[in-house]
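Engineer: Sending over a structure as structure tokens; questions will come in a sec.
Protein chains: 2
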Amino acid sequence: MLENVDLSQAITSEEYKKSIKTLQLELGELQRKAWELKIPIIIVFEGWHASGMGEDINRFILPLDPRGLDFYTMTRPCYEEKLRPFMLRFWSQIPIKGRMAIFDRSWYSRAVIELFGKEKDEKALEKTLEETTYFERQLADDGYLILKFFLHISEKEQKERFKAIKKMDIPLILDEYEGKNGKELDFIEKYDEYLPVVEKILEKTDVPYAPWTIIEANDRNFAVLKIMITVTHAIKTHIEKVTRTPGQQTIKYLDMATVNLPALNGSTLEKTDLSKNLSLKEYRESKKLFQHRLETLQYELFRKKRSVLIIFEGWDAAGKGGDIRRLVEELNPRLYRVVPVGSPNDTEKAHQYLWRFCDAAPMAGHITIFDRSWYGRVLVERVEGLCTEEEWRRAYREINEFEKILADSGVIILKFWLHIDRETQLERFKSRLNDPEKRWKITEDDWRNRNRWEDYKIAADEMLQKTSTLGAPWIIIESRDKRYSRVKVLKTTAETLEKELES
Amino acid sequence: MLENVDLSQAITSEEYKKSIKTLQLELGELQRKAWELKIPIIIVFEGWHASGMGEDINRFILPLDPRGLDFYTMTRPCYEEKLRPFMLRFWSQIPIKGRMAIFDRSWYSRAVIELFGKEKDEKALEKTLEETTYFERQLADDGYLILKFFLHISEKEQKERFKAIKKMDIPLILDEYEGKNGKELDFIEKYDEYLPVVEKILEKTDVPYAPWTIIEANDRNFAVLKIMITVTHAIKTHIEKVTRTPGQQTIKYLDMATVNLPALNGSTLEKTDLSKNLSLKEYRESKKLFQHRLETLQYELFRKKRSVLIIFEGWDAAGKGGDIRRLVEELNPRLYRVVPVGSPNDTEKAHQYLWRFCDAAPMAGHITIFDRSWYGRVLVERVEGLCTEEEWRRAYREINEFEKILADSGVIILKFWLHIDRETQLERFKSRLNDPEKRWKITEDDWRNRNRWEDYKIAADEMLQKTSTLGAPWIIIESRDKRYSRVKVLKTTAETLEKELES
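Here is the structure:
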């Protein structure tokens, strides 16, 4: 979930000042309203060391009435707590109905420190993550509103902040809590080592009743505003749900895209560098090299009974067909299969939407390439209203689960998003229309989709973030230059397979 | 979940004939209705070998229109299936919307055979059970109605049936499927070895959107009727849910107690042999023996940092207080604690209901004894309407999860249900009233509860079945004879602790 987060987002002081006042008033009002309605609220803050959690939380709680607030800083357990089952320590801190409990770090950090520990006890961590879902679901079922924030910064940013902190010579509050020999929290500094652990936790515990919101925390203003907006929106939605009379319209989910702050809508795609290109000579050499490596790799896959799933998604005319052709050019057709995915037929529509892909999943030792895929659910079906909002919202998790089933059984998964800009698409459409041999490639659907470019971009950005998982990451392919696109696909595939086959 | 199942239940041929016709007509009608409404239905049958599954399924499907039915017998995977991820084989067999798919064995049996296997690969099994919940939840969210039956017989009954089958020399269909060297299914015969595996599967996958129903299958008539009633009721409920307009009353859950067939309401409690008793001499000797053993054991617990949780539930005047006194008589008060549980106070009421027990959980090395407990949720709160039906229905799973959190962290859990009959209770109430020193023990609540004896019995029976888990089983204590009751508590406790400390 952290892979396709755009950390460059920032908000100017002016913009910040303009918005913060309104949000503060609103939050205060909502706190009183929640108290009247006896809605208990749990807000969890987690994040990288030096992500600015302390300051962000402080700015967040300023407008709140402290009489309705419980604030917990999660540190080392005391003697009695250590002797009791791990989860109970947190269970006993849930707020009274109507109050808000803020957890400055929580059962998640503590599970990593106390249970996963230095021995990297995966099993203990997994068990606790499962217990976490019991805990949170039971509370949600009992009417608790649960929000979880992860404050995300880049490793580079973190290093710079550490340097600055050192210079200031300010004692870190948590270190004080822990005592001078408090080496306990060290782990949070080992960014790259713990990134997969954090990813795993976020993926496993991002549940509808207690969702994670990733906060891009490189910029303080941005972080605070996003936290405030997310919380106010969630409380409003919850109040609406609790107070609405039967028969009323169902609530709308939080959609950052609808929030009236353009800067809040980060786009990984917009930041993609489309100027990347290759000369004809570079292209020919690389293509030959990687196609040859793939030719060898396919037999290695077959021998080791490892299967591969490659998904191609992207804009119309981004070059999916051409990329796929170069990918399979030197392969043995007995070992690969290309599955083009279009609109579902009647039989397919009459089943759950993942059903139609079951038989196309790769067999051990084989490669399956999907030209479009189940991601249609959160792209075309979302944008064109072919499924309900509730359905495509749910689909992120469903797809992650489905891919986990594949990955866990040994399937190597590669997902390519072929990216171009709107102008390039228009050029390609036109040149297709002018070429009698390519005219068939252009349909009315393509023009319709083109007109909804912005909606598709929002959908694609959200998809790239929510479905990029450890076992099945998204790879963005810069495709304005067709040669660059083809070689990047070939290279990424070859290198991924080599790495997987080595391990 | 199989522990407190009353396998002695039976229905006479006359009763059977009287009910079956109506049920058959109803089921046929419901199938047509589900087709019209495009409701897809999945019915899973699992159970012990020789539990009569084939015949039961046959009687069940007779009234159904075969045109709306898919029937699958789950056997060994074919070559292609073997090369694909395990779950996809079943995913690709889900019914079209409006149809009913019957699975004669399912992903559960296959997971045990193919993944758990002879190597007893616990990890592979756990992973698959998790995948199972993805699969079933996604389908349920998509509108599928999922019902799962486990056909339960005793080991003794199974052995007798095996003998009878051998005599008849009829080839078992499944054996034929498997070929002559089809040793694959042998496991189902090793009853006691696989009982914990079956228990684990039932516990882990008994989810609200795809619940298990245990079918007492010693008696064929009973089994078929219970299957028919459960299915018809579930379809009716589902249709009601799908077709009701907003604002209408919410649906009623399936409650076997309301079904108009007295014989369907099995009661473990009613079958309890209350005539068990001890002479004064036996009582004194045993009491001394076990109290002494417990005295030693408590220090052993402390040394090994193992904690113990003992829960006492049972009828008013069943002797909880007396039993607890004898249990702690020779213990060191620094190592045990008795927690009496009454109605929650205002602060407690303002939290989720399990909150108030968190601080009372035993610390490592200590013993905590609860005189009444969180089971109030599914006993007094259910019967007196102090919580909603939805809340106490949910509580079985919540309590199992809560106890799992305890058990997984090393707490040894013992749960005693002190059982007496209604007459014994009356005698004891009267004698308490006549004894000025015991009169305080009798309150109006006791008389009120006594008047709702039948409701409490239904609630207790359901609780005993649904919350008896591997890590925290219920033990019924026959308590008409106080001496017998006390000694059984002492003996069970001592022996359980000895066993746990050895391992």
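Chains as they are written, first to last, in full-length UniProt numbering: chain A, 1 to 503; chain B, 1 to 503.
For glycine and all other residues, C-beta sits at the position ideal for the given N, C-alpha and C.
If you draw a straight line from the alpha carbon of I442(B) to that of Q425(B), how long is it in whole angstroms?
Structural biologist: Going by the C-alpha atoms only, they are around 11 Å apart.
Engineer: Under 8 Å Cβ to Cβ from V242(A), same chain only, skipping five residues before and after it: list those, please.
Structural biologist: Excluding positions up to five away in sequence, the list reads L37, I39, G143.
Engineer: Determine the chain D residues that contact D70(A) at a beta-carbon separation under 8 Å, and present them in chain order.
Structural biologist: Here chain D cannot be found, since the structure's protein chains are A and B.
Engineer: From G47(B) to G410(A), what does the alpha carbon distance come to, in whole angstroms?
Structural biologist: Near 31 Å, if we compare the C-alpha coordinates of G410(A) and G47(B).
Engineer: Alpha carbons only, please: which of Q31(B), L125(B), I42(B) is nearest the one belonging to E199(B)?
Structural biologist: Of the listed residues, the one whose Cα sits closest to E199(B) is L125(B).
Engineer: Just how far apart, CA to CA, sit L261(B) and T368(A)?
Structural biologist: Residue confidence is low: L261(B) scores 46 on pLDDT, short of 50, so the model does not pin down where it sits. Its coordinate-derived value is still stated next. So the alpha carbons of these two residues sit roughly 55 Å apart.
Engineer: For a test of the three-state rule: what should DSSP assign to G322(A), helix, strand or coil?
Structural biologist: Reduced to three states, the DSSP call for G322(A) is helix.
Engineer: Using the C-alpha atoms, what's the distance from L62(B) back to K18(B)?
Structural biologist: Distance between the alpha carbons of K18(B) and L62(B): 17 Å.
Engineer: Do you know offhand how far F86(B)'s Cα is from K349(A)'s?
Structural biologist: Rounded to whole angstroms, F86(B) to K349(A) spans 24 Å at the Cα level.
Engineer: Whole angstroms are fine: how far does the CA of Y336(B) sit from the CA of R439(B)?
Structural biologist: Rounded to the nearest angstrom, the two C-alpha atoms are 28 Å apart.
Engineer: Going by Cα to Cα distance, which pick from L83(B), C387(B), V197(B) is closest to K304(A)?
Structural biologist: Nearest C-alpha to K304(A): L83(B).
Engineer: For the alpha helix (DSSP H) containing I94(A), list its first residue and its last residue.
Structural biologist: I94(A) -> no alpha helix (DSSP H), and no H or E assigned at all.
Engineer: Consult DSSP for I61(A) and reduce its assignment to one of helix, strand or coil.
Structural biologist: The answer is helix: DSSP assigns I61(A) an H, G or I state.
Engineer: Specify, as a first and last residue, the run of the beta strand (DSSP E) that M100(A) falls within.
Structural biologist: Taken as a continuous stretch (DSSP letters only), the beta strand (DSSP E) holding M100(A) covers 100–104.
Engineer: When you compare each of E498(A), W474(A), E55(A), A460(A) to N221(A) by their alpha carbons, which one comes out closest?
Structural biologist: Comparing Cα-Cα distances from N221(A) to each of E498(A), W474(A), E55(A), A460(A), the minimum goes to E55(A).
Engineer: Could you confirm whether any beta carbon from chain B is found closer than 8 Å to the beta carbon of K252(A)?
Structural biologist: With a pLDDT of only 47 at K252(A), under 50, the local geometry of the prediction cannot be trusted, and no value is derived from it.
Engineer: With which residues is H152(B) paired in a DSSP beta bridge?
Structural biologist: According to DSSP, H152(B) bridges with E216(B).
Engineer: Which residues in the same chain as D273(B) place their Cβ atom closer than 7 Å to its Cβ, once the five residues preceding and following it in sequence are excluded?
Structural biologist: Result list for D273(B): E478, in chain order.
Engineer: Count the other CB atoms, across all protein chains shown, that sit within 10 Å of the CB of C358(B); report buried if there are 16 or more and exposed otherwise.
Structural biologist: When all chains shown are included, C358(B) counts as buried.
Engineer: So, does the segment 407–422 of chain A touch the segment 307–320 of chain A, judging by three or more C-beta pairs under 8 Å?
Structural biologist: Cβ pair count under 8 Å is three or more, so yes.
Engineer: Check G54(B) in the structure and name its three-state DSSP category.
Structural biologist: Helix, per DSSP.
Engineer: By a C-beta neighbour count over all protein chains shown, 10 Å radius and 16 as the cutoff for buried, is R32(A) buried or exposed?
Structural biologist: Answer is exposed; the Cβ neighbour count stays below 16.
Engineer: Can you grab the Cα-Cα spacing for the pair E502(B) / I413(B), in whole Å?
Structural biologist: Going from the Cα of E502(B) to the Cα of I413(B) covers about 16 Å.
Engineer: So which of N58(A), F71(A), L30(A), P95(A) has the shortest CA-CA distance to E353(B)?
Structural biologist: The sequence shown places Tyr at residue 353(B), not Glu. Comparing Cα positions, the closest option is P95(A).
Engineer: Which two residues bound the contiguous beta strand (DSSP E) that contains S307(B)?
Structural biologist: 307–314 is the span of the beta strand (DSSP E), which, as asked, contains S307(B).
Engineer: Please compile the residues from chain B whose C-beta is within a distance smaller than 7 Å of the C-beta of A364(A).
Structural biologist: Residues of chain B passing the Cβ test: L83.
Engineer: Pop quiz: M53(A) and F45(A) are said to be a contact at Cβ under 8 Å. What is the actual Cβ separation, rounded to whole angstroms?
Structural biologist: The pair is a contact, with the Cβ atoms about 5 Å apart (cut-off 8 Å).
Engineer: Please look up how many angstroms separate the CB atoms of E216(B) and Q9(B), rounded, as I've assumed it's under 8 Å.
Structural biologist: Sure, about 5 Å apart at Cβ, within 8 Å.
Engineer: For Y72(B), report the span of its beta strand (DSSP E) as first-last.
Structural biologist: Taken as a continuous stretch (DSSP letters only), the beta strand (DSSP E) holding Y72(B) covers 69–73.
Engineer: For K97(A), which residues in the same chain have their Cβ closer than 6 Å to its Cβ, ignoring the five residues on either side in sequence?
Structural biologist: The answer, listed in chain order, is K38, P40.
Engineer: Measure the alpha-carbon distance for L294(A) versus A494(A) and round it to whole angstroms.
Structural biologist: Looking at the two C-alpha atoms, the distance is approximately 6 Å.
Engineer: Name the chain B residues whose beta carbon is nearer than 7 Å to that of K127(A)?
Structural biologist: Those within 7 Å of K127(A) in chain B are D408.
Engineer: Are the CB atoms of S307(B) and V341(B) within a distance shorter than 8 Å?
Structural biologist: Their beta carbons are not under 8 Å apart, which means V341(B) does not touch S307(B) by this criterion.
Engineer: Just to confirm, are S109(B) and G319(B) a CB contact at a threshold of 8 Å?
Structural biologist: No. Outside cutoff.
Engineer: Can you grab the Cα-Cα spacing for the pair C387(B) / L147(A), in whole Å?
Structural biologist: Straight-line Cα distance between these residues: approximately 26 Å.
Engineer: What number of angstroms, rounded off, separates the C-alpha of M74(A) from the C-alpha of L115(A)?
Structural biologist: Between M74(A) and L115(A), the C-alpha separation is close to 15 Å.
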